[in-house]
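Asks: Numbering (this note's numbering), first residue to last: 159 to 499. Where a beta carbon is used, it is the ideal one built from N, C-alpha and C, also for glycine. Since we're looking at a predicted model, the values are computed, not measured. Mind looking over this structure? Questions follow.
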């Protein structure tokens, strides 16, 4: 067999160059990601990262699937059906308490602030959160924003005992509000707001208050992995976080390209509407003062504990889980690599 240096010379290449096949292409590990819901503009950070080869550059052969709610995503990650999930971090608190041997952990809080909110219309007569008592609220039973309403109400000074709740399916919630069958709803701001626009409610008639901006300042959605998987696959987790941060930077720099990456997957994707949804998410949940100062993914133990305490209260857990049972920052790159602005 011809020596490697001789082979390189015969090909007219320097021995310092890397030739395909000589060192071998980087192995690509199968890496399945479950989102929290159907593809929206906010998810384009994942599709853009895939399209631009950011997962591949980290040695990950990624497959991204839509989700069916954060709770469902947590279960799928915990079962091993997916290596990673993107879901509301709160959804993992009760699951971990009930399934300690299948515990999941957050390796990157993408949304620095939760999008959970109270949303209403001007015709309801609700002009402030203090006006909620005596009115009817609607939400699916067990949905995160509803479960967290009691601790939110306490933090915001709302008399929750005088609120009447109506149970409804998630796909009917915003229609019920638009039709005036409930006075207000709880849900994700960037979901309900744009659903109401699609139901012909004028934007000027939509009124909302997010939990994070009104007393319950906690993290929103993030990357979740199974704790046991993480112990064995630290390098993959690190790479996935870097890829997602790269996708987020790309989305911030070029929203049009990011939306186009989703449109290729979902032909019915409404680019104009989803760009507006993304802008709301960016301004209310991602580019916060904390992120501007410390970079995306900054883990504040006090805020993490706020999330854990609120959920422990909401679900009636006997003990408040420890911060390190749900959060870890060891997969995050240095702060300089996490700067978004």
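Out of 476, 237, 377, 340, point me to the one whose CA is closest to residue 280's CA.
Replies: On the chain shown, position 122 is the one that residue 280 refers to. Checked all of 476, 237, 377, 340; the closest Cα to residue 280 is 340.
Asks: Go through its chain and collect everything with a Cβ distance to residue 446's Cβ below 6 Å, but skip five positions before and after it.
Replies: In the chain shown, the residue the question calls residue 446 occupies position 288. Closer than 6 Å at the Cβ level, and outside the excluded window around residue 446, lie 270, 271.
Asks: My assumption, with CB atoms under 8 Å, is that residue 310 sits in contact with residue 369. Please give the rounded CB distance.
Replies: In the chain shown, counting from the first residue as 1, residue 310 sits at position 152. In the chain shown, counting from the first residue as 1, residue 369 sits at position 211. Confirmed, about 5 Å.
Asks: Go to residue 277, then tell me how far its alpha helix (DSSP H) extends in each direction, as first and last residue.
Replies: Residue mapping note: residue 277 aligns to position 119 of the chain shown, counting from 1. Per DSSP, residue 277 belongs to no alpha helix (DSSP H); it is in the beta strand (DSSP E), 274-279.
Asks: So, at 6 Å on beta carbons, what are the nonlocal neighbours of residue 247 in its own chain, with the 5 sequence-adjacent residues on each side left out?
Replies: In the chain shown, residue 247 corresponds to position 89, counting from 1. Within the same chain, residue 247 has close Cβ partners 264, 377, 380.
Asks: In its own chain, which residues sit with a C-beta less than 6 Å from the C-beta of residue 301, not counting the 5 before and 5 after it?
Replies: Here residue 301 is taken as the residue at index 143 of the chain shown, counted from 1. No residues qualify anywhere along the chain.
Asks: On the CB-based measure, 16 or more other CB atoms within 10 Å of its CB, does residue 198 come out buried or exposed?
Replies: Residue mapping note: residue 198 aligns to position 40 of the chain shown, counting from 1. With 16 or more Cβ atoms within 10 Å of its Cβ, residue 198 is classed as buried.
Asks: Determine the extent of the beta strand (DSSP E) in which residue 258 is found, giving its start and end residues.
Replies: Residue 258 sits at position 100 when you count from the first residue of the chain shown. Segment: none, residue 258 is in no beta strand (DSSP E) and carries neither H nor E.
Asks: Any idea if residue 400 is buried or exposed, counting beta-carbon neighbours within 10 angstroms, 16 or more meaning buried?
Replies: Position 242 of the chain shown, counted from the first residue, corresponds to residue 400. With 16 or more other Cβ atoms within 10 Å, it is buried.
Asks: Out of 287, 261, 474, 482, which one is the CA nearest neighbour of residue 461?
Replies: The count along the chain shown starts at 1 and reaches residue 461 at position 303. Closest option to residue 461, Cα to Cα, is 482.
Asks: For residue 416, tell me which candidate among 468, 436, 289 has the shortest Cα-Cα distance.
Replies: Position 258 of the chain shown, counted from the first residue, corresponds to residue 416. Considering only alpha carbons, the answer is 436.
Asks: To the nearest angstrom, report how far apart residue 466 and residue 307 are at their CA atoms.
Replies: For this step, residue 466 is matched to residue 308 along the chain shown. For this step, residue 307 is matched to residue 149 along the chain shown. In a straight line, the C-alpha of residue 466 is about 14 Å away from that of residue 307.
Asks: Run the CB neighbour count on residue 322, radius 10 Å, all protein chains shown included, and call it buried at 16 or more, exposed below.
Replies: One-based indexing of the chain shown puts residue 322 at position 164. Flag for residue 322 reads exposed.
Asks: Please report the distance separating the alpha-carbon of residue 414 from that of residue 210.
Replies: If you number the chain shown from 1, residue 414 lands on position 256. If you number the chain shown from 1, residue 210 lands on position 52. Near 14 Å, if we compare the C-alpha coordinates of residue 210 and residue 414.
Asks: For residue 245, which residues does DSSP report across the bridge?
Replies: To locate residue 245, count along the chain shown from 1; it is residue 87. Residue 245 is bridged to 380.
Asks: Hey, residue 217 and residue 232: beta-carbon distance below 8 Å or not?
Replies: In the chain shown, residue 217 corresponds to position 59, counting from 1. In the chain shown, residue 232 corresponds to position 74, counting from 1. No, these two residues do not count as a Cβ contact at 8 Å.
Asks: Measuring alpha carbon to alpha carbon, tell me which residue in 422, 220, 234 is nearest residue 226.
Replies: Locating residue 226 in the chain shown gives position 68, counting from the first residue. Ranking 422, 220, 234 by Cα distance to residue 226 puts 234 first.
Asks: Mark residue 283 as exposed unless 16 or more other C-beta atoms lie within 10 angstroms of its C-beta, in which case mark it buried.
Replies: On the chain shown, position 125 is the one that residue 283 refers to. Its Cβ having fewer than 16 others within 10 Å, residue 283 is exposed.
Asks: Could you tell me which of 293, 330, 396 sits nearest to residue 213, measuring between CA atoms?
Replies: In the chain shown, the residue the question calls residue 213 occupies position 55. When only C-alpha atoms are compared, the closest one is 396.
Asks: Of the choices 188, 206, 186, 189, whose alpha-carbon is the least far from that of residue 418?
Replies: For the purposes of this step, residue 418 is taken as the residue at position 260 of the chain shown. Ranking the options by Cα distance to residue 418, first place goes to 206.
Asks: Could you compute how far the alpha carbon of residue 364 sits from the alpha carbon of residue 344?
Replies: Position 206 of the chain shown, counting from 1, holds the residue named residue 364. Position 186 of the chain shown, counting from 1, holds the residue named residue 344. Those two C-alpha atoms are separated by around 13 Å.
Asks: Can you check which of these residues, 327, 293, 334, 490, is closest to residue 318 by C-alpha distance?
Replies: If you number the chain shown from 1, residue 318 lands on position 160. Ranking 327, 293, 334, 490 by Cα distance to residue 318 puts 293 first.
Asks: If you compare alpha carbons, which of 353, 316, 342, 250 is closest to residue 329?
Replies: Stepping through the chain shown from its first residue, residue 329 is reached at position 171. Taking only the C-alpha atoms, the option nearest residue 329 is 353.
Asks: Just the C-alpha distance for residue 114 and residue 251, rounded to the nearest angstrom, thanks.
Replies: Summary: the structure shown does not reach residue 114, with the chain confined to residues 159 through 499, and so no result is reported for it.
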